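What follows is a short report on a single structure.
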Amino acid sequence: MLIRLYTVFLILCNFLFLEFFSQEKNESNFFLGDIINDYVTVKYPKEFFKDYIYIGIDRQKLYYFSQGKLKDIFVVSTSENGAGNGVSSNQTPTGLHFIKEKIGENAPIGTLFKKKKSTGKVVEIHQAILGEPKDEITSRILSLCGKEEGLNKGKKIDTYSRGIYIHGTSEEGSLGNPSSHGCVRMNNSDIIYLFDMVQEGTLVVLIDN
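Note that numbering that gives the first Met the number 0 has the sequence shown beginning at 0, numbered continuously upward.
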């Protein structure tokens, strides 16, 4: 157990080093992808990571992997209350999840959703930070479900019961800054692209780093 924890620690240290000191984008992304792959496979040895999503909550970044390779990096916005799994915390959950539902296929960009259903209304997308945030769910929804009993699955900590999604936002100006009520917000064009790339069952790892 100590060896495994030490290995995870070394991987995270390398992750931090590359994030801050790599100069060449392509080279940095190549090594960054390998480090994230190493981390998730050590952390979750029983899972098969091929096409998956890794979300760095502290960095406000979403990393999409296809065929085991880092394909895209997106700026996101997670909870303004930080990371946590409590049912009433309004925090972004951590740990291993999977996409349980894909909602909104073929909906026009900017379509407003409430309770996982399209309202049929297309809302304005704001590029500036709003004085009065609206917390609107737009364009597409990827509903998350926890896989770790006692962490993000089960009574009072259940990610799916909390209604945590990766989704588009009408407040694109807030991306890169923690400002949601627990969900992971994305640029509308980005979430539509990601929606088309992933499947229900795709693994999603959320780490507060």
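Using N, Cα and C, we set each Cβ at its ideal position, and we do this for glycine too.
These figures come from a predicted structure and were not determined experimentally.
Shown here, Phe-112 sits in a strand according to DSSP, grouped into three states.
If you look at Ile-136, you'll find it in the beta strand (DSSP E) that goes 136-145.
The beta carbon of Lys-68 sits closer than 7 angstroms to the beta carbons of Gly-32 from its chain, once the five residues preceding and following it are set aside; these are given in chain order.
When secondary structure is reduced to three states using DSSP, Asp-57 falls in the coil class, being assigned neither helix nor strand. A contact is defined here as three or more CB-CB pairs under 8 angstroms, and the segment 83-101 meets this definition with respect to the segment 138-149.
Sequence-distant partners of Val-74 (beyond 5 residues in either direction) whose C-beta falls short of 7 angstroms from its own C-beta, in its chain, are Gln-59, Lys-60, Leu-174, Gly-175. Distance check between Gln-126 and each of Asn-187, Ile-54, Lys-45, Ser-27 places Asn-187 closest, using alpha-carbon atoms only. If you look at Thr-77, you'll find it isn't in any beta strand (DSSP E); DSSP assigns it neither H nor E. Only residues of its own chain outside the window of five on either side were considered, and among them Val-86 have a CB closer than 6 angstroms to the CB of Lys-155, listed in chain order.
In the DSSP assignment, His-166 forms a beta bridge with Ile-140, Arg-184.
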